[in-house]
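Undergrad:
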Amino acid sequence: MHKQIALEGRALVVTYVFGNVPDARFEVELNLAMPSCDGPAGRFEMNEEVLGGFAQQIQSRPCDEIRLRDDILGGQLMLLVNQTATLRSAPCFSVSQSEAGFEKIMQAVTLHLDWSCQLLKSPLVIRLTIDS
Amino acid sequence: MPKIVPLLFGVHAHQPVGNFPKVLDDAHLRCYQPFLHMMERFPEFRFSIHVSGWLFDYLVRHYPDDIQLLKALVSRGQVELFGAGYTEPVLAAIPVRDRISQINCMSGRLEQVLGRRPQGAWLTERVWDSTVVPSLVACGIQYVTVDDYHFLCTGIDQSMLTGFFSTEEDGKRLDVFPISEALRYRLPFSPANEAVQYLESLAVDGEAHAAIYFDDIEKFGIWPETYEWVYTRGWLEDFIRLTLDSPIVKPMLFSDYHASATTRGVVYLPTTSYIEMNEWTLPIDAANRFSALVQKVKNAGQYDSNKAFLRGGIWRNFMTRYPESNWMHKRMLGLSNRYAALSEPDKTIEMRDALFEAQANDAYWHGLFGGLYLPHLRRAVYGALVKLEALLDAVAPRSSLVSCDTDMDGHVESFLQNGILQAVVRNDGLADICELDSYLLNHNFGDTLTRQKEHYHQKVMLNQSSTSNVEGIDNPHERISFKHAILPEDMVFDSFRRSLFIDRLHTNDEIESEALRYRIKPGATADSTLTFE
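If you read the protein sequences in the order shown, they are chains G and A. Counting from 1, position 48 in the first sequence corresponds to residue 48 in this note's numbering; the numbering is continuous, with no gaps. To convert, count from 1 in the second sequence and add 1000; that's this note's numbering.
(1) Using a Cβ-Cβ cutoff of less than 8 angstroms, which residues in the same chain neighbour Leu1505/A once the five nearest sequence positions on both sides are dropped?
(2) Could you name the residues of chain A that Arg61/G contacts, counting a contact when the two beta carbons are closer than 7 angstroms?
(3) Comparing alpha-carbon positions, which option in Glu49/G, Tyr16/G and Ala41/G lies nearest Gly74/G?
(4) Just checking my contact of Leu12/G with Leu113/G at CB under 8 angstroms: how many whole Å lie between their CB atoms?
(5) Can you find a CB in chain G that lies within less than 7 angstroms of the CB of Leu1282/A?
(6) Could you give the distance in angstroms between the alpha-carbon of Ile1067/A and the alpha-carbon of Lys1022/A?
(7) Shortest alpha-carbon distance to Asp1057/A belongs to which of Val1079/A, Ala1013/A, His1037/A and Val1132/A?
(8) DSSP on Pro1522/A, reduced to helix/strand/coil?
(9) Give the straight-line distance between the Cα atoms of Leu1388/A and Asp1432/A, rounded to the nearest whole angstrom.
(10) Can you list, in chain order, the residues of its chain whose CB lies under 6 angstroms from that of Arg1117/A, leaving out five sequence neighbours each side?
(11) For the beta strand (DSSP E) containing Thr129/G, name the first residue and the last one.
(12) Within 10 Å of its beta-carbon, does Ala1292/A have 16 or more other beta-carbons around it, so buried, or fewer, so exposed?
(13) What are the residues in the region 82-110 of chain G lying within 8 angstroms of chain A by C-beta distance?
(14) Could you tell me whether any Cβ in chain G is nearer than 7 angstroms to the Cβ of Thr1467/A?
(15) Going by DSSP, what residues sit across from Gly1010/A in a beta bridge?
(16) Under three-state DSSP, which class holds Glu1181/A?
(17) What whole-angstrom Cβ distance do Arg1184/A and Asp1215/A have, given they're in contact under 8 angstroms?
(18) Which chain A residues sit within Cβ distance under 8 angstroms of Gly74/G?
(19) Please confirm if the region 1135-1154 of chain A is in contact with the region 1263-1272 of chain A, defined as three or more CB-CB distances below 8 angstroms between the two stretches.
(20) Taking DSSP's pairing of strands, which residues face Ala1515/A in a bridge?
(21) Compare the C-alpha of Phe1309/A against each of Ala1300/A, Asn1337/A, Ile1275/A and Tyr1322/A and name the closest.
(22) Beta carbon of Lys1084/A, beta carbon of Trp1122/A: below 7 angstroms?
(23) Quick one: using the 10 Å Cβ neighbour count with 16 as the cut-off for buried, is Met1491/A buried or exposed?
(24) So which residues of chain A does Phe18/G contact, with C-beta pairs closer than 9 angstroms?
(25) Compare the C-beta of Leu80/G with all C-beta atoms of chain A and state if any pair is closer than 7 angstroms.
(26) On the DSSP bridge assignment, give the partners of Cys1404/A in chain order.
(27) Based on Cα-Cα distance, which residue from Lys1483/A, Lys1330/A, Gly1334/A and His1484/A lies nearest to Asp1409/A?
(28) For Ala1485/A, tell me which candidate among Val95/G, Gln107/G, Glu99/G and Leu120/G has the shortest Cα-Cα distance.
(29) For a contact meaning CB atoms closer than 9 angstroms, what does Ala55/G contact in chain A?
(30) What does the Cβ neighbour count give for Met1461/A, buried or exposed, with the cut at 16 atoms within 10 Å?
(31) Considering only the beta carbon of each residue, do Ser1166/A and Val1051/A sit closer than 7 angstroms?
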């Protein structure tokens, strides 16, 4: 199995080429630091539908593309895959202490993309485009 | 000769680079403004103040009237200004050239706006490392303040810590004042009359013994319960009036005391900070053992006399403790080196300011204070790093692919960049991306904190409520409170680092699988591409 990481203009492109395909599911995890965190300025969009804020969970949804729009950042991140994935998303919260007491802080949006290896007949390409 | 206790009263005002404007505005409203206005009413109450540079410039822009008030207090000799590194860096953690540049920037700014150049300096988080002495001296600083704990660690008796001592490094002399822990814990938490009685109790026959206080001004209005206590219920006014009415306690500027008193002698302080910080720097197992040891000694009634010998870690342990802190720090050092290597005409103020912002201490550490867990503070550091990198690339271009062991972990990282984006790939097996920068947005999408256990987590499930003093208010060091409800399922820790493009194969119904491991494919790496197998 090969993993290739490349930059193409405003896009990060990660390509996977499989040799002997096992009877398994292939999963890619992305932890993304989005400045809006669990605030109202960040949202998922898929096919022009707003799925919710970054703190909302997405459970097992077919996905060819998803947009993470962040108004605090003043930009967006578009994730495209060339073979339909099953997408899950969940916020990652830490527990820490400060002078105000124990608190939960959202550290990342965690995306999981997965595919049945048996269905991956050609190189799998994940393209992450970052726009202002 | 009447007994006199010179009260050297100093406050330190700081907000982290990148903090939210609403937080700064609230801090101004509940603390900085009422504090200064209270002081204006009592010209005889001499005090010292340090305002960190980023906050200072925010106040200059947004609250010019209060800066004019501060200037008036300086002009009438009521206030002494203290300097420091401009963005409140831990001086020991940045290169010598940047220490000097940061301190001179702050001193110059104070002189420009308030008309006075400082001769004393505040040390960020009271992190002492003797290597900072020559830089401070080179900037015209004559004295600094650290905790009395620093002195106790050398074996000096507590009773001696009522004036300044002298130290040197590389033959450069600097005087050092010991801040009284007893006063730090009393002001403003004990009732005002008890605090002043304590000050009066320090009087002795013969040479005047100074009471030395320098602590966060945020304890006067921002810390929990303190606004009502300090202003509404009148603690600060009572304290000032009782102090001025006292025949024994005499508020003085550090500079006046320094000019009139002589050194108590030579001292060589160990690398350390305040005692709580020394525990926070330790990894969890060591922190638990340290905490248990401290408790054992306390239970035996031996703590006060032996605490100097119960030393935890040092501030720079945070780089070992938190890989994210280390990564930011080493990225900052690398860019500082690149900036320093530029010819003078290529250097710009914009580059220097971005470097300074990347050196602000807050996002690099975590304890009861510190901002490593706060994404917006880390984002401010990365924003400055990414901006600086783009500025440097514009005058000193890099290759599109650079590989080196930036964080000194024994593994090479590959920096793949095209002037628009940068992906930093770890070549330690996972082939994951630990940093993904957008130069257009000045943002690192890979800035995620991996969740690790903290020694205080064991207190969370005890769900203890804070115990209140009969009089006064609780010191935050001693209280346990909850900003958010924490459930057992929230206490999750990561067995892997949180980055981008971590790959797994799940066979059958397996839920958790080990991350796939790769090695870089020899000969298959082009300028803009990395290939692993």
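We put the CB at the ideal spot given by N, CA and C, even for glycine.
TA: According to the data block:
(1) Ser1513 and Leu1516
(2) Within 7 angstroms Cβ-Cβ: nothing; Arg61/G doesn't reach chain A, min ~18 angstroms.
(3) Ala41/G
(4) Not confirmed; about 14 angstroms, so no contact.
(5) no
(6) Spanning the alpha carbons of Ile1067/A and Lys1022/A requires a straight line of approximately 19 angstroms.
(7) Ala1013/A
(8) In the structure shown, the three-state DSSP call for Pro1522/A is coil.
(9) Here the alpha carbon of Leu1388/A sits roughly 24 angstroms from the alpha carbon of Asp1432/A.
(10) Ser1107 and Glu1111
(11) Leu124 to Asp131 is the span of the beta strand (DSSP E), which, as asked, contains Thr129/G.
(12) It counts as exposed.
(13) Cys92, Phe93, Ser94, Val95, Ser96, Gln97, Ser98, Glu99, Ala100, Gly101, Phe102, Glu103, Lys104, Ile105, Met106, Gln107, Ala108 and Thr110
(14) Summary for Thr1467/A: the model assigns pLDDT 44, below 50, so the residue's position carries little reliability, and this model does not support an answer.
(15) Ser1048/A and Phe1214/A
(16) In this structure, Glu1181/A counts as helix in the three-state DSSP scheme.
(17) 5 angstroms
(18) Leu1441
(19) yes
(20) Arg1504/A
(21) Ile1275/A
(22) Reading off the sequence shown, one finds Ala at residue 1084/A, where the question assumed Lys. Against a cut-off of 7 angstroms, the Cβ pair of Trp1122/A and Ala1084/A comes out as a contact.
(23) exposed
(24) Per Cβ cutoff of 9 angstroms: no residues; Phe18/G is ~10 angstroms from chain A at best.
(25) no
(26) Glu1413/A
(27) For Asp1409/A, the nearest C-alpha among the options comes from Lys1330/A.
(28) Val95/G
(29) Those do not exist, as Ala55/G stays about 13 angstroms from chain A at its closest Cβ, beyond 9 angstroms.
(30) exposed
(31) no
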